[in-house]
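Peer 1: Dropping a structure here in C-alpha cells format, bear with me for questions.
There are 2 protein chains.
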Amino acid sequence: MDRADVATGRQPRSGPPTAAQARVVAAALDLFARHGVGGTSLGMIARSLGVTKAAVFHQYKTKDDIILAAAEAELGHLEAVVDAADAEPTRDRARAVLITGIVDLAVERRGTVSVILSDPVIVGFFVDHQQFRRLMHRLSRLLSDDTGPEAHVPTAMFFAAISGAVMHPLVADLDDETLRSQLLLLTRRLFAAPG
Amino acid sequence: MDRADVATGRQPRSGPPTAAQARVVAAALDLFARHGVGGTSLGMIARSLGVTKAAVFHQYKTKDDIILAAAEAELGHLEAVVDAADAEPTRDRARAVLITGIVDLAVERRGTVSVILSDPVIVGFFVDHQQFRRLMHRLSRLLSDDTGPEAHVPTAMFFAAISGAVMHPLVADLDDETLRSQLLLLTRRLFAAPG
DNA sequence: GTCTATAGTGCGATAGAC
DNA sequence: GTCTATCGCACTATAGAC
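Now the structure itself:
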C-alpha cells in the first residue's frame with residue numbers, strides 16, 4: 084500500500100488483520116500515545132512485544148504502514164459510533180447516541196484515542212484520507228443543522244474538547260465516572276441551542 | 084538545567100533568551116507543530132535556520148533544553164493572558180478577557196500552540212512543571228466557581244476545545260475571522276450557566 | 001556565534017536461515 | 001512467524017578552529 088492509495092482512499096489491504104498484526108497495532112498505539120508517532124521506533128514496538136524488529140517488519144513492510152493501520156484502527160471505533168447514531172430514527176436521538184458514544188470511547192481509551200488523533204504525523208495522513216473525511220462530514224451533518232462552512236466549527240470543537248480533555252493533566256486524578264458525567268453535562272450544554 | 088530543576092520549577096536559566104536562542108526556539112516550535120517533538124531533529128532545526136547542528140548546540144546544550152525553552156515560550160503567551168484576566172475587577176470581566184484572549188491566541192497561532200501543548204513529550208515535561216501547574220490552577224479558578232476536583236473538567240475541556248479545534252482538518256479552509264467568532268460564540272455557551 | 005570533523009548510538013529496512 | 005546479522009544513514013552530542 085503506497086501513499087497514492089492512502090490519498091485516494093483505495094484499500095488494497097488484504098482483508099482483516101491477523102492476530103500478529105493486531106498485536107503490533109495495539110503495541111504501536113500505546114507507544115504512540117506515550118511518546119508520539121515520531122518518537123516511537125520500530126525497536127520500541129518490537130521490544131514491548133518481546134520480539135525483534137525483523138518480526139515486526141514481517142507484519143508491516145514499512146513504519147508508515149504501521150502508522151496507517153493504527154490510525155485506521157482508531158478510526159474504526161469512531162465509525163462504529165457514527166454508524167449507531169445514523170441508525171437512530173430522529174436527529175435528537177442520533178445526537179444523543181453520538182455524544183454519549185464518543186464520550187464513552189474517549190474515557191474508556193483515555194489518553195490513547197486523543198493523542199493519536201491529534202498527532203501531527205497522523206493528522207498529515209488523514210488530510211487526504213477519504214475514509215476520514217467522509218466520517219468527519221457525517222459527524223458534522225449529525226451535529227449541526229447549518230450547511231455553510233462554519234458548520235464544521237462546532238464539530239471540530241466538540242471533537243477536540245472530548246478527546247483533548249480526557250488526557251489533560253488537570254483531570255489526571257479524576258476517576259472515569261466523574262469525568263464521564265462532567266463531559267456529558269458540558270457537551271450537552273454546547274449543543275443545547277440550535278446548532 | 085537538569086530534570087530535577089524542571090520538576091521543582093527552579094529556574095537556573097540565565098536571564099532572557101538571546102536573539103540566537105529566540106530564533107532557535109521559533110524554528111523549533113514551527114517544526115514541532117508540523118512533525119511532532121519526537122519527529123523533529125536538531126538537524127532539521129539547524130537546516131531551517133541555515134546553520135549547522137553545532138551552532139544550535141551552542142545555544143542549548145541538549146534537545147531537552149530546546150523542548151523546554153519552546154514549551155515555556157508558549158506558556159509565556161498563555162500566562163500573559165491569565166495575568167490580564169486576573170487584573171480585571173470583576174469575575175465576569177475576568178472571564179471575558181480570558182476567553183477572548185485565549186481564542187485570539189489560538190487563532191493567531193493556529194496550529195502551533197495547539198499541537199505543542201498536546202504533544203506527549205511536552206505534556207510529560209509539564210506534568211511536574213510547577214509554573215504550568217500554577218497557571219492551570221489559576222485558569223480553573225477563573226473559569227469555575229466549584230472547588231471540588233470536578234471543577235477542573237470545564238477548564239480542561241475549554242482548553243482542549245479551543246486549542247484542538249483551530250488545528251482540526253475540518254476547519255482548515257475557514258478564514259481566521261469566521262473561526263474566531265464561531266469559537267467565541269460556542270465557548271460563551273459552554274460557560275453561560277453557572278460553572 | 002558559527003564552522004568542520006568526528007564519536008558513538010540507534011534508526012528503518014533487507015537477506016536468508018529455521 | 002520469528003530469528004541473527006547486516007547495511008547505510010541520521011541521530012544527539014562533543015572538541016577545537018576561526
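Line by line, the protein sequences give chains L and G. Under our numbering, the residues of the first sequence are numbered 84 to 278, in order. Under our numbering, the residues of the second sequence are numbered 84 to 278, in order. Every residue gets a Cβ at the ideal spot worked out from N, C-alpha and C, and that includes glycine. Please read these numbers as outputs of a predicted model, since none were measured by experiment.
Can you pull the chain G residues whose beta carbon is under 9 Å from the beta carbon of residue 219 of chain L, in chain order?
Peer 2: What residue 219 of chain L touches in chain G: 251, 252 and 253.
Peer 1: Measure the C-alpha to C-alpha separation of residue 217 of chain L and residue 144 of chain G and round it to an integer number of angstroms.
Peer 2: Rounded to the nearest angstrom, the two C-alpha atoms are 46 Å apart.
Peer 1: Using a threshold of 8 Å, state whether the C-beta atoms of residue 243 of chain L and residue 159 of chain G are closer than that.
Peer 2: Against a cut-off of 8 Å, the Cβ pair of residue 159 of chain G and residue 243 of chain L comes out as no contact.
Peer 1: What residue range is occupied by the uninterrupted alpha helix (DSSP H) comprising residue 220 of chain G?
Peer 2: Where residue 220 of chain G is concerned, the enclosing alpha helix (DSSP H) stretches over 213 to 226.
Peer 1: Of the choices L:107, L:157, L:156 and L:148, whose alpha-carbon is the least far from that of residue 134 of chain L?
Peer 2: Of L:107, L:157, L:156 and L:148, the residue nearest in Cα terms is L:107.
Peer 1: Return the residues of the region 100 to 128 of chain G that lie within a Cβ-Cβ distance of less than 9 Å from chain L, sorted by chain order.
Peer 2: Correct list: 115, 116, 117, 118, 119, 120, 121, 122 and 123.
Peer 1: Out of G:114, G:239, G:237 and G:225, point me to the one whose CA is closest to residue 175 of chain G's CA.
Peer 2: Here the closest residue by C-alpha is G:225.
Peer 1: What are the boundary residues of the alpha helix (DSSP H) that residue 198 of chain L is part of?
Peer 2: Element bounds for residue 198 of chain L: 196 to 201.
Peer 1: Out of G:154, G:272, G:161 and G:198, which one is the CA nearest neighbour of residue 187 of chain G?
Peer 2: Nearest of G:154, G:272, G:161 and G:198 to residue 187 of chain G, Cα basis: G:161.
Peer 1: State the DSSP-derived secondary structure class of residue 161 of chain L, mapped to helix, strand or coil.
Peer 2: It is helical.
Peer 1: Comparing C-alpha positions only, which one of G:261, G:126, G:265 and G:200 sits nearest to residue 156 of chain G?
Peer 2: If we check each option's Cα against that of residue 156 of chain G, G:200 comes out closest.
Peer 1: Does the separation of the CB atoms of residue 165 of chain L and residue 112 of chain L fall below 8 Å?
Peer 2: No, the Cβ-Cβ distance between residue 165 of chain L and residue 112 of chain L is not below 8 Å.
Peer 1: Using 8 Å as the threshold, is the C-beta distance between residue 253 of chain L and residue 238 of chain G below it?
Peer 2: It is a contact, given that the beta carbons lie within the stated cut-off.
Peer 1: Give the residues of chain L in contact with residue 265 of chain G, contact being defined as C-beta atoms less than 7 Å apart.
Peer 2: Per Cβ cutoff of 7 Å: 233 and 236.
Peer 1: Among the residues of its own chain, which have a CB less than 6 Å from the CB of residue 127 of chain G, if the five just before and after it don't count?
Peer 2: Cβ neighbours of residue 127 of chain G beyond the five flanking positions: 114.
Peer 1: Spell out whether any CB of chain G is found under 8 Å from the CB atom of residue 204 of chain L.
Peer 2: So yes, residue 204 of chain L belongs to the interface.
Peer 1: According to DSSP, is residue 192 of chain G helix, strand or coil?
Peer 2: In this structure, residue 192 of chain G counts as coil in the three-state DSSP scheme.
Peer 1: Taking 7 Å as the cut-off, is the CB of residue 134 of chain L close to at least one heavy atom of the ligand SAH?
Peer 2: Looking for the ligand SAH in the displayed structure turns up nothing, as the structure carries no ligands at all.
Peer 1: Strictly under 8 Å for the Cβ-Cβ distance: is residue 256 of chain L near chain G by that measure?
Peer 2: True, the Cβ-Cβ gap to chain G drops below 8 Å.
Peer 1: Evaluate the contact criterion for the region 256 to 263 of chain G versus the region 250 to 267 of chain L: three or more CB pairs, one atom per stretch, below 8 Å.
Peer 2: Touching, no, given that fewer than three Cβ pairs across the two stretches are closer than 8 Å.
Peer 1: For residue 177 of chain G, does the count of other Cβ atoms within 10 angstroms reach 16, so buried, or fall short, so exposed?
Peer 2: With 16 or more other Cβ atoms within 10 Å, it is buried.
Peer 1: In chain G, which residues lie with their C-beta within 9 Å of the C-beta of residue 170 of chain L?
Peer 2: Correct list: empty, because the minimum Cβ distance to chain G is about 23 Å.
Peer 1: Output the distance between the C-alpha atoms of residue 146 of chain G and residue 170 of chain L, rounded to the nearest integer angstrom.
Peer 2: Whole-angstrom Cα-Cα distance: 50 Å.
Peer 1: Can you tell me whether residue 141 of chain G is buried or exposed, with buried defined as 16 or more other CB within 10 angstroms of its CB?
Peer 2: Exposed, by the Cβ-count rule.
Peer 1: Buried or exposed for residue 231 of chain G, going by 16 or more other Cβ atoms inside 10 Å?
Peer 2: By the neighbour-count rule (16 or more Cβ atoms within 10 Å), residue 231 of chain G is not buried but exposed.
Peer 1: Between the region 170 to 199 of chain G and chain L, which residues of the former have CB atoms less than 7 Å from a CB of the latter, in chain order?
Peer 2: Listed by position, the residues of the region 170 to 199 of chain G near chain L (Cβ gap below 7 Å) are 198.
Peer 1: If you draw a straight line from the C-alpha of residue 210 of chain G to the C-alpha of residue 124 of chain L, how long is it?
Peer 2: In a straight line, the C-alpha of residue 210 of chain G is about 23 Å away from that of residue 124 of chain L.
Peer 1: Can you give me the C-alpha to C-alpha distance between residue 250 of chain L and residue 198 of chain L, rounded to a whole angstrom?
Peer 2: About 8 Å.
Peer 1: Starting from residue 210 of chain G, find everything on chain L with Cβ-Cβ shorter than 8 Å and list it in chain order.
Peer 2: Correct list: 252 and 255.
Peer 1: Give a yes or no on whether the minimum CB-CB distance between residue 92 of chain L and chain G is below 8 Å.
Peer 2: At residue 92 of chain L, the pLDDT of 46 sits below 50, so the modelled position is not reliable and the matter cannot be decided from this model.
Peer 1: Looking at chain L, is there any beta carbon in it that lies within less than 8 Å of the beta carbon of residue 223 of chain G?
Peer 2: At least one chain L Cβ lies under 8 Å of residue 223 of chain G.
Peer 1: Comparing alpha-carbon positions, which option in L:245, L:130 and L:122 lies nearest residue 190 of chain L?
Peer 2: The shortest C-alpha separation from residue 190 of chain L is found at L:245.
Peer 1: In whole angstroms, what separates the C-alpha of residue 203 of chain G from that of residue 117 of chain L?
Peer 2: Roughly 6 Å separates the two Cα atoms.
Peer 1: Only counting the same chain, and skipping five residues up and downstream in sequence, which positions put a Cβ closer than 6 Å to that of residue 182 of chain G?
Peer 2: So the list reads 270, once near-sequence residues are dropped.
Peer 1: How would you label residue 151 of chain L, buried or exposed, when you count the other beta carbons within 10 angstroms and need 16 or more for buried?
Peer 2: Classification of residue 151 of chain L: buried, given that the 10 Å Cβ count is 16 or more.
Peer 1: Considering only C-alpha positions, which residue in the set G:100, G:136, G:265 and G:241 is nearest to residue 229 of chain L?
Peer 2: For residue 229 of chain L, the nearest C-alpha among the options comes from G:265.
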